[in-house]
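Student: With the sequence shown counted from 1, adding 491 to any position gets you the working numbering.
Note that the Cβ used here is the ideal one computed from N, Cα and C, for glycine as well.
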Amino acid sequence: DVEKSREFCQRRLEEISKKWSSMRRDKIEEVMNLELKASEIKDEIKETEARYAVGEFEESAYESRLGALQGELRSIERKIEEIRRYIDDIDMKIFRCFETLRESS
Numbered sequence: 492d493v494e495k496s497r498e499f500c501q502r503r504l505e506e507i508s509k510k511w512s513s514m515r516r517d518k519i520e521e522v523m524n525l526e527l528k529a530s531e532i533k534d535e536i537k538e539t540e541a542r543y544a545v546g547e548f549e550e551s552a553y554e555s556r557l558g559a560l561q562g563e564l565r566s567i568e569r570k571i572e573e574i575r576r577y578i579d580d581i582d583m584k585i586f587r588c589f590e591t592l593r594e595s596s
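1) Can you confirm whether the region 585-595 touches the region 526-534 when touching is taken to mean that 3 or more C-beta pairs between the two stretches lie within less than 8 Å?
2) On a CA-only basis, which of D534, S596, E535 and I578 is nearest S508? Give me that one, please.
3) Can you look up F548 in the DSSP assignment and give me helix, strand or coil?
4) Could you check how far apart the C-beta atoms of E535 and L560 are, in whole angstroms? I think they sit under 8 Å.
5) Which of the three DSSP states, helix, strand or coil, is assigned to D492?
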């Protein structure tokens, strides 16, 4: 009876792991898209700084634009970190479950 329960848990964990694998790919793709967006914002920041340096922007417009871009960048970087932590957390939980099952056999 214990063996049947262990086998059930093993099958269920494998199902969960397969579903997580698909979700994990989506999360990694989301991180990649956010990293691309962060890179674009960094380029916009450099362009804004260069345009201010040559006198194209007045200080108030420069500071306003720069502040908005930096705020957006921080928000994206936080989101990237949240997703990475989530991926690591779920990976570790699944790994620990597999280890627990392996140790119980």
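Tutor: This is what the structure gives:
1) Because the criterion of three Cβ pairs below 8 Å is not met, the region 526-534 and the region 585-595 do not touch.
2) Of the listed residues, the one whose Cα sits closest to S508 is I578.
3) Coil.
4) Sure, about 6 Å apart at Cβ, within 8 Å.
5) In the structure shown, D492 sits in coil (DSSP, three-state: anything other than H, G, I, E or B).
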